[in-house]
């Protein structure tokens with residue numbers, strides 16, 4: 018089970034880190050080409066969302082590797098789930114139902130990681 022949790026943790030970290038970095042480094046106008054929802058947020062809000070995603074992705078991996086405050090791993094998973102709930106609400110508001118599936122998948126991965134790392138399979 019530990020190996021399974023690590024695999025989905027790495028998958029979730031990548032699915033969170035890459036778009037987070039894009040939001041941090043790309044100007045809002047460039048993001049609008051592929052992320053219409055960015056029109057509802059300021060540049061600073063988009064960077065804050067991206068920054069939270071990057072920090073959460075790092076917190077999924079680093080504590081488990083270095084053994085420093087391993088409780089951060091399930092907490093980061095909970096944070097990612099909350100970010101995805103916000104993404105779902107944004108997509109629903111914009112009537113972008115097709116984008117919700119990936120958010121739901123990420124919530125499921127987050128819940129499994131939090132369940133495992135808070136429960137019987139801590140780091």
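Numbering (this note's numbering), first residue to last: 18 to 140. Idealized CB from N, CA, C, for every residue including glycine.
Checklist line | residue 39 versus 57, 70, 114, residue with shortest Cα-Cα distance | finding: Here residue 39 is taken as the residue at index 22 of the chain shown, counted from 1. Ranking the options by Cα distance to residue 39, first place goes to 70.
Notebook entry, point to check: Would a C-beta distance cut-off of 8 Å place residue 26 and residue 105 closer than the cut-off?
Noted result: Here residue 26 corresponds to residue number 9 of the chain shown, with the count starting at 1. Here residue 105 corresponds to residue number 88 of the chain shown, with the count starting at 1. Their beta carbons are not under 8 Å apart, which means residue 26 does not touch residue 105 by this criterion.
Notebook entry, point to check: Can you name, in chain order, every residue of its own chain whose Cβ lies under 6 Å from the Cβ of residue 19, other than the five neighbours on each side?
Noted result: Here residue 19 refers to the residue found at position 2 when the chain shown is read from its first residue. Around residue 19: 138.
Notebook entry, point to check: Given that a residue counts as buried once 16 or more other Cβ atoms are within 10 Å of its Cβ, and exposed if not, what is residue 109?
Noted result: Numbered from 1 along the chain shown, position 92 holds the residue referred to as residue 109. With fewer than 16 Cβ atoms within 10 Å of its Cβ, residue 109 is classed as exposed.
Check: Is residue 103 closer than 8 Å to residue 67 when the C-beta atoms are compared?
Finding: On the chain shown, position 50 is the one that residue 67 refers to. On the chain shown, position 86 is the one that residue 103 refers to. It is not a contact, given that the beta carbons lie outside the stated cut-off.
Check: Which first and last residues belong to the alpha helix (DSSP H) in which residue 60 is found?
Finding: Within the chain shown, numbered from 1, the residue matching residue 60 stands at position 43. Residue 60 -> alpha helix (DSSP H) spans 60-83.
Check: Can you name, in chain order, every residue of its own chain whose Cβ lies under 6 Å from the Cβ of residue 80, other than the five neighbours on each side?
Finding: Mapped onto the chain shown, residue 80 falls at position 63. Result list for residue 80: 86, 87, 89, 90, in chain order.
Next item on the list: Check whether the Cβ atoms of residue 74 and residue 30 lie closer than 8 Å to each other.
Entry: Indexing the chain shown from 1 puts residue 74 at position 57. Indexing the chain shown from 1 puts residue 30 at position 13. Against a cut-off of 8 Å, the Cβ pair of residue 30 and residue 74 comes out as a contact.
Notebook entry, point to check: Sorted by chain position, which residues of the same chain lie with C-beta nearer than 6 Å to residue 96's C-beta, five sequence neighbours on each side aside?
Noted result: One-based indexing of the chain shown puts residue 96 at position 79. Taken in chain order, the residues that qualify are 73.
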